[in-house]
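In our numbering, the protein residues as written are 780 to 890.
In structure tokens, the structure reads:
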């Protein structure tokens with residue numbers, strides 16, 4: 780499973796334009812919110828459960844993230860897919876979307 784989050788915010792749709800309820804997405808992002816909002820963060824990546832990679836202007840650094848289990852990452856991917864009126868599954872393993880707070884996200888699930 781690979782998740783890439785870019786804190787660079789794009790224009791966020793108003794709640795009336797959302798395809799799904801953002802509550803689940805917001806809840807699953809809770810362990811990442813501090814890092815997403817940190818000054819100087821360019822990108823967050825989860826390439827394996829339990830590890831968060833953070834890119835800043837100084838480069839990439841790995842951080843332990845025990846709350847980021849495979850199940851939680853897959854649940855986040857499913858919640859984002861529902862929120863953005865898309866699918867993510869074995870036949871559609873890629874998902875690009877914009878989160879409720881405006882960050883861009885890319886998911887790739889394992890085969």
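Where a beta carbon is used, it is the ideal one built from N, C-alpha and C, also for glycine. Note that the structure is predicted; figures quoted are calculated from it, not measured.
Selected residue, minimal CA-CA separation from residue i, among the options
i: residue 819; options: 807, 839 and 861; result: 839
i: residue 887; options: 854, 879 and 880; result: 854
i: residue 825; options: 803, 851, 837 and 802; result: 851
i: residue 844; options: 859, 828, 856 and 834; result: 828
i: residue 879; options: 890, 859, 814 and 842; result: 859
i: residue 842; options: 849, 864, 865 and 814; result: 814
C-alpha gap between residue i and residue j, whole angstroms
i: residue 868; j: residue 861; result: 12 Å
i: residue 832; j: residue 817; result: 14 Å
i: residue 802; j: residue 873; result: 22 Å
i: residue 836; j: residue 822; result: 10 Å
i: residue 885; j: residue 856; result: 9 Å
i: residue 834; j: residue 806; result: 23 Å
i: residue 881; j: residue 830; result: 23 Å
i: residue 800; j: residue 812; result: 18 Å
Short Cβ contact (7 Å threshold) for residue i with residue j
i: residue 877; j: residue 883; result: yes
i: residue 846; j: residue 889; result: no
Opening and closing residue of the beta strand (DSSP E) in which residue i lies
i: residue 885; result: 882-887
i: residue 843; result: 838-843
i: residue 834; result: 830-835
i: residue 823; result: 820-827
Extent of the continuous alpha helix (DSSP H) run through residue i
i: residue 893; result: Lying before the first or after the last residue shown, residue 893 is absent from the chain, which here runs from 780 to 890.
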